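What follows is a single structure, written as structure tokens, with notes after it.
Number of protein chains: 2
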Amino acid sequence: METDLFHAIADPTRRAILVLIATQAMTPNALAEHFDSSRQAVSKHIKVLTESQLVTQAKQGREIYYQLNPKKMRELDQWVSQFKALWEDRFDQLDQLLLTLKPNQQ
Amino acid sequence: METDLFHAIADPTRRAILVLIATQAMTPNALAEHFDSSRQAVSKHIKVLTESQLVTQAKQGREIYYQLNPKKMRELDQWVSQFKALWEDRFDQLDQLLLTLKPNQQ
DNA sequence: TACATACGCAATCAAATGGTTGCACAAAAT
DNA sequence: ATTTTGTGCAACCATTTGATTGCGTATGTA
Chain R
0 METDLFHAIA DPTRRAILVL IATQAMTPNA LAEHFDSSRQ AVSKHIKVLT
50 ESQLVTQAKQ GREIYYQLNP KKMRELDQWV SQFKALWEDR FDQLDQLLLT
100 LKPNQQ
Chain W
0 METDLFHAIA DPTRRAILVL IATQAMTPNA LAEHFDSSRQ AVSKHIKVLT
50 ESQLVTQAKQ GREIYYQLNP KKMRELDQWV SQFKALWEDR FDQLDQLLLT
100 LKPNQQ
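So the sequence lines, in the order shown, correspond to chains R and W. Position one of the first sequence corresponds to residue 0 (numbering that gives the first Met the number 0), numbered consecutively onward. Position one of the second sequence corresponds to residue 0 (numbering that gives the first Met the number 0), numbered consecutively onward.
Below is the structure:
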């Protein structure tokens with residue numbers, strides 16, 4: 000089962016997990032302490048993140064440490080970058096001009 | 000009704016719409032020609048995008064032109080940027096510090 | 001050995017999602 | 001004035017989602 004990257008980051012809990020494990024690997028139990036929902040619910044989120052390859056795992060004894068996979072996060076950055084030119088200053092001015100010529104109605 | 004930015008881009012059709020209208024405003028009918036699903040299905044996607052403020056509209060006669068709102072897309076870029084230090088080659092202590100100080104965003 | 005801990009997996013359920021069809025209405029065309 | 005076109009909205013439906021509960025298994029501990 001592979002999960003789409005954009006689907007994986009659509010959930011607020013999953014995004015919070017990503018921030019938490021970005022700098023330090025964490026176990027499901029440790030992660031679950033940061034949320035109101037149960038460990039199993041958090042584990043299901045972790046599974047989605049793992050299937051999307053945003054997260055990698057490393058087993059240590061009976062604990063499993065999950066960690067962010069920056070390479071996959073980079074894919075998101077690359078997708079966004081295709082729009083980057085649109086919010087640069089010179090294009091903002093063009094937007095203003097278009098708005099003046101075609102004012103929004105309704 | 001306001002839709003979350005990350006939820007808005009979770010759907011492949013909606014992402015395709017964003018790419019199509021990034022450089023040129025388009026009407027729902029024109030957009031629907033690019034997809035297999037019905038006009039109404041596309042219109043529902045447009046509604047989600049509009050509610051998330053990723054898309055703005057401009058009425059012209061009986062046609063409604065939809066266009067990308069770069070400022071909102073920039074928010075996505077800013078969220079991703081908190082992880083940027085993790086995949087950059089230069090990974091000095093300053094990057095670490097900035098990442099740690101940055102408040103958690105969802 | 002016996003028990004506790006950390007975790008994944010399966011079943012279940014309410015809510016959300018994405019799609020379709022039908023309809024209403026305003027603008028344009030005839 | 002009547003018809004066609006462009007669009008949004010509501011109702012409906014199958015599928016997916018996020019959460020909970022219960023269970024099985026492997027690892028650590030008394």
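Beta carbons: idealized from backbone N, C-alpha and C, even for Gly. Small disclaimer: the values here were computed from a predicted structure and weren't measured.
Excluding five sequence positions before and after W/T2, the CB atoms of its chain that fall closer than 6 Å to its own CB belong to V47, E50, S51, given in chain order. DSSP places W/Q81 outside both helix and strand once states are collapsed to three, so it counts as coil.
In the DSSP annotation of this structure, R/A57 is not part of any alpha helix (DSSP H); the continuous beta strand (DSSP E) holding it starts and ends at 54-59.
Proximity of chain W to R/L48 at the Cβ level (cut-off 7 Å) is not reached, the minimal Cβ distance being about 13 Å.
Chain-order list of chain W residues neighbouring R/V79: M72, L75, D76, V79, by C-beta distance under 8 Å. Residue pairing by DSSP places R/L67 opposite R/V54 in a beta bridge. Annotation: R/L4 to R/T12 spans about 15 Å, alpha carbon to alpha carbon.
Looking at W/F34, W/L19, W/R38, the one whose alpha-carbon comes closest to that of W/P27 is W/R38.
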